[in-house]
Each structure stands twice: as C-alpha cells, then as structure tokens.
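Below is one structure; the comments refer to it alone.
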Amino acid sequence: MWKFFHKLASPPHFYDLANKIIPWFIVPAILLITYGTIAGLFFAPMDYQQKDAFRIIYIHVPAAYISMMAYMTMAISAGIGLIWRMKLAHAVAAACAPIGAWFTFLALITGSIWGRPMWGTWWEWGDPRLTSELILLFLYFGYLALRAAIDDTSKADRSSAVLALVGAINIPIIHFSVEWWSSLHQGPTIVREGGPAMPMEMLLPLLAMILGFTFFFGAVLLRRLRTEVLYRERRTGWVKRMIQPAGGEA
Amino acid sequence: MDILAMGGYGYYIWSSFGLGLAVLVITVVQARRHHDAVYREIEQRLKAMEEVK
Chain B
1 MWKFFHKLAS PPHFYDLANK IIPWFIVPAI LLITYGTIAG LFFAPMDYQQ KDAFRIIYIH
61 VPAAYISMMA YMTMAISAGI GLIWRMKLAH AVAAACAPIG AWFTFLALIT GSIWGRPMWG
121 TWWEWGDPRL TSELILLFLY FGYLALRAAI DDTSKADRSS AVLALVGAIN IPIIHFSVEW
181 WSSLHQGPTI VREGGPAMPM EMLLPLLAMI LGFTFFFGAV LLRRLRTEVL YRERRTGWVK
241 RMIQPAGGEA
Chain L
251 MDILAMGGYG YYIWSSFGLG LAVLVITVVQ ARRHHDAVYR EIEQRLKAME EVK
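Each protein sequence line maps, in turn, to chains B and L.
To convert, note that position 182 of the first sequence is 182 in our numbering; the numbers rise steadily by one, no gaps.
To convert, note that position 41 of the second sequence is 291 in our numbering; the numbers rise steadily by one, no gaps.
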C-alpha cells in the first residue's frame, strides 16, 4: 500500500498513470451525459408550470454544480499546498481554475437563457444568486490572472492559494443566497426538506447529468494535471529523457 | 418538428444544450493544446541547449 502511494507521488509515474486512468472517467462521462441528454430532452415529462422550458435544467444545474465543486476542490487543494507544502496539491489547484471558469460561464449563460422566458429578463442586477455566481467567475479570472502575472511557480502557488482560500467564502453565499435573501431564482429542487421536488422520470436524467459532468471534470482535471506536472518538472532528468531520448547525455 | 419546437421554447433549449456541448469540447481542446504547448516549449529549450554545446 505505501509503495503504491509512494509511486503515485513520483512525478514520472503520475504522468503515465494519469493517462491510463483518464478513460475510466471519460467513458462513464460520455455514457451518463448521452443518457441524461436524451432522457432529459425527450422522455422526461413536461413541467406543469414551466412547460418544456424547464429542460434547460439538465445543462444549467450540472454546470452550476461543477462551477462550485471545482472551486471547492481548488480552495481545498490550495490549502493543503500551503499547509503541507505539497507541490502536487498546488498543481491540482492550478488545474481546476480554467475548467471551473468555463463551467461558471456555462451556468451563467444558460441561467440567462432560462431567465428570459421565465422571468422576462436575461439578467437582473443585484439579484443575490446571479451576482454571487458572477463573482465566482471573477474569482476564477482573478486567480488565473494572478498566476499568469508571477513567473516563479512556487510564489505563484502561494499567492494564488491565498486568493483561492479567501474567495471560498463566496461558495456558501452562492448556495444559501436563495434562502437568505429574496431572489428571482427558484429554491433548491433536489436537496431539500421532504425530498426532491420532481418525479423520478425528471430526476434520474438530472442526476445522470450531474454525475456525468463530475466524471468529465475529473477527466479534464487529470489531463491538465499532467501538463502541470510536466511543466513543474521541466528541468528534471526524466522529462529530458522522455522528450529528447537521443540527446540527453551528450 | 414538434420535437425541435419544444412547445415554443426550442430556441432557448437548443441553444442551452448547444452551449453545453461547446463548453465540453472547448475544455478538452484547451487542455490538450496547453499540454502540447508546454511539451513543445520544453523540446525547444532542450534543442537550444544542445546547440550551445
């Protein structure tokens, strides 16, 4: 067991292993997202209030979930990196940010598209749920900009980790915004008192999409983590031998 | 055609699902490009070091 963890932590081994693990994420992701899309679009019954428009939920909610889950993964990894000086943890944090930013963008834009027919507006300034999710996008941008501005990787790791941790306060704010303040946004549908407020035929495709997006996030995270490891190890022997097998020892 | 119309909400629903697919594709392509760029950068640097020798 210890030998396994030791090997896992060794960068060249991780670089290879990640490549072998990625299919185990991408295959379930494709299956779950395909099922969720088809069942959500064509087989789930119409919502009695929102009619067919509610089907946007199958993209919007999984995207919003990933936007927050990716941020928590980033903040926790950054914290572990700061406290235990683990380079791989900092690499995980750095790999989360661009993916999280894209899913935040997707949550915001599909929310806007959903809001147009339901609320009669694309965007409502000052709405707590909308504003806190927009702040999440800016936190990702700030994190990425800060990293890009610092050449020294370990300095960039530490500074951006502090930003990620401070920004984590926004996550419970997003989550509870619809309960703490009055918002145009509807309340929770799945995790609520009295159980999910939908029939099984609606709920299963949604859960499949959330799980599928999570597997997808894992696959892209592993891919980006490989790149982080490669860059951070660029001056080491194994990277030189791998990239230029003939030249190395001349 | 009914399926495409989605009870009048077709435009909103299909654009949401289209954007969803686009984001999935973009994140994968971007991750791949980033890897290739880092790989090439290291390759270039190693080549430059060889030439100095």
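In this text, a Cβ means the ideal position worked out from N, Cα and C, and glycines have one as well.
Taking a contact to require three or more Cβ pairs closer than 8 angstroms, the segment 202–215 of chain B and the segment 16–32 of chain B qualify as touching. When 7 angstroms is used as the limit between beta carbons, A298 (chain L) is near no residue of chain B, the shortest such separation being about 11 angstroms. Spatial neighbours of L41 (chain B) in its own chain (CB-CB distance under 8 angstroms, excluding positions within 5 residues in sequence) are listed in chain order as R55, Y58.
Around the beta carbon of H90 (chain B), 16 or more other beta carbons sit within 10 angstroms, so the residue counts as buried. If you check each beta-carbon in the segment 89–107 of chain B against every beta-carbon of chain L, the ones closer than 8 angstroms belong to P98, I99, W102, F103, F105, L106. At least one CB of chain B lies nearer than 9 angstroms to the CB of V273 (chain L). Remark: fewer than three beta-carbon pairs, one from each stretch, lie closer than 8 angstroms, so the segment 280–296 of chain L and the segment 121–130 of chain B are not flagged as touching. With respect to chain L, the C-beta atom of W114 (chain B) has a partner C-beta closer than 9 angstroms.
When rounded, the separation of the alpha-carbon atoms in Q49 (chain B) and A75 (chain B) is 38 angstroms. In this structure, the CA atom of F43 (chain B) is about 43 angstroms from the CA atom of A145 (chain B).
Between H285 (chain L) and T236 (chain B), the beta carbon gap of about 17 angstroms keeps them out of contact (Cβ cut-off 8 angstroms).
By the CB criterion at 9 angstroms, Y140 (chain B) and G100 (chain B) fall inside the cutoff. Against chain B, the beta carbon of L269 (chain L) has neighbours under 7 angstroms at L106, I109, T110, listed in chain order.
Separation of A107 (chain B) and Y15 (chain B) (C-alpha to C-alpha, rounded to the nearest whole angstrom) is 31 angstroms. L204 (chain B) sits away from A94 (chain B), with the two beta carbons spaced by 9 angstroms or more.
For V92 (chain B) and I173 (chain B), the gap between their C-alpha atoms comes out near 24 angstroms.
Contacts between F141 (chain B) and chain L, judged by CB atoms closer than 7 angstroms, are missing: the closest CB pair is about 15 angstroms apart. In the DSSP secondary-structure assignment, D47 (chain B) is bridged to B:K51.
Scanning chain B for C-beta atoms nearer than 7 angstroms to the C-beta of V278 (chain L) yields V220, reported in chain order.
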